[in-house]
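Below: one structure, written as structure tokens.
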Amino acid sequence: MTEAKRKLAVVAVGGNSLIKDSSRQGLPDQYAAAVESMVHVAGMIEAGWDVVLTHGGGPQVGWILRRSELAQHELHPVSLDYVLADLQGAAGYMFQRALHNEFLKRGIQRPIATVITQTLVDRNDPAFQHPSKPIGSFMDEAAAREHEQRDGWSVMEDAGRGWRRVIASPIPQRIVEAEAIRRFIDTGVVVICTGGGGIPVVEDESGALQGVEVVLDKDYGAMILASSIQADLFLISTAVEKVALNYNKPGQQWLDSLSLAEAKRYLAEGHFAKGSMEPKIRACIYFLEHGGKQALITNPENLENALLGRTGTRLIP
Ligand code: ADP
Ligand code: MG
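In the numbering used here, the protein residues as written are 1345 to 1661.
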């Protein structure tokens, strides 16, 4: 592919690109997992794609919060917007180093940079009135009530396992750094951004930004990014090679492609599990409905194959 014809892909890497399983969670393990995914991202770049990488980080967010909790008698607490900033910095470092080293092996000469990314949410999003995402450690009711009184937390009993803080999850509206990211791409920089869906911020009447204590869906954050930089492809790299109907049930059927209408129908029929595949399918639908040309879902080891049309699940308008 000549430079003029390079196509732009937003690649959203899932949790499995940093954590393989619960026995391998330390930083060297996370880095090793990052390397595995970046081998294939480098393969895409070598095949002629421009890539913007985004990532999740649910477990890491939980650990950063836990460190803050454990240190509360000695150090200031870390609010959720800063937790996200910490996540983006550390994950960005891992992906930058992993990509750098893979580029070195392949003789690819492309600069790489992480952009700390803020994602705007609507102050009036109804989600603020209904905090629903449990986050951080379990505690007893007395401790939960104390946080409620003292720190203004929303707390809830979580499925018989104990009390937890619950957080609102408003819908990402806009990527504040979209223009900066766009300019980076135009000059050939491989960009890592919008980690964890972005650092959640709200805007006041004057346009000033303020961090908020909410969590964003990383698939939606990646999709808003893909849509706003007009990516040719929204590629979700997760733990499955393809999307299925009747997933893990009798009559399971792997899908090679899905039209917009089919995706909506299967979504309504409940084929995509809440909190895992459902937000990905919703994000793909939104992307296609807002001018996106194609979305693709597969696992890291099949990125290059899926781009050649050999596997993965492709969603088209
Ligand atoms: P990520 O960390 O990449 O966001 P998730 O675990 O949130 O990954 O979502 C991917 C998971 O969704 C897959 O590993 C699979 O277990 C699950 N899943 C749920 N429904 C389906 C489906 N219909 N087809 C394929 N996978 C599904
Ligand atoms: Mg997920």
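Virtual Cβ for every residue (Gly too), placed ideally from N, Cα, C.
In the DSSP assignment, G1555 forms a beta bridge with V1545. Linking E1521 to Q1462 through their CA atoms gives a straight-line distance of about 7 Å. In the three-state DSSP reduction, R1467 falls in the coil class, being neither helix nor strand. Put simply, the region 1631-1646 touches the region 1574-1587. At least three CB pairs are less than 8 Å apart. Under the DSSP definition of a beta bridge, R1508 partners with M1500.
Look at V1383 here: in three-state DSSP terms it is helix. In this structure, the straight-line span from the alpha carbon of L1428 to that of G1542 is close to 7 Å. Secondary structure within the region 1599-1651: the beta strand (DSSP E) runs of 3 or more consecutive residues, fully enclosed, are 1601-1603 and 1638-1642 (chain order). Listed in chain order, the alpha helix (DSSP H) runs fully inside the region 1377-1447 are 1402-1414, counting runs of at least 4 residues.
Between F1528 and V1465, the gap from beta carbon to beta carbon reaches 9 Å or more.
When S1571, I1629 and A1575 are compared, the shortest CA-CA separation from V1395 is found for A1575. Q1404 counts as buried, since at least 16 other C-beta atoms from the protein chains shown sit within 10 angstroms of its C-beta. Boundaries of the alpha helix (DSSP H) around G1565: K1562 to S1572. Judged by the Cβ position, D1563 qualifies as a neighbour of the ligand MG at the 8 Å threshold, a heavy atom of the ligand being closer than this. By the C-beta density criterion, S1367 is exposed, having fewer than 16 other C-beta atoms within 10 angstroms.
Excluding five sequence positions before and after H1491, the CB atoms of its chain that fall closer than 8 Å to its own CB belong to M1483, W1497, V1499 and R1509, given in chain order. Using a 10 angstroms sphere on the CB of L1414, the tally of other CB atoms stays under 16, which defines it as exposed. Contact between W1393 and R1450 does not hold, since the beta-carbon distance rounds to 14 Å and is not under 8 Å. CA-to-CA, the gap between E1633 and M1621 works out to about 18 Å. Between G1539 and Q1432, the beta carbon gap of about 4 Å places them in contact (Cβ cut-off 8 Å). In this model, Q1638 and Y1437 are separated by some 29 Å (Cα to Cα). Cβ-Cβ distances below 8 Å link G1635 to S1571 and Q1574 in the same chain, with the five nearest sequence neighbours on each side left out; the list follows chain order. Distances taken from the Cβ of G1619 to the heavy atoms of the ligand MG include one shorter than 8 Å.
Collapsing the DSSP output to three states places Q1517 in a strand.
The three-state reading of DSSP puts G1358 in coil, since its state is none of H, G, I, E or B. At the C-beta level, G1406 and I1479 come within 9 Å of one another. The three-state secondary structure of Q1369, taken from DSSP, is coil.
Leaving aside the five residues that flank V1357 on each side, the residues in its chain whose CB is nearer than 6 Å to its CB run, in chain order, S1381, H1399 and S1581.
Listed in chain order, the non-local C-beta contacts of Q1453 below 8 Å within the same chain comprise F1447, local neighbours out to five positions each way being set aside.
Following the DSSP letters along the chain, one finds A1588 inside the beta strand (DSSP E) bounded by residues V1587 to L1589.
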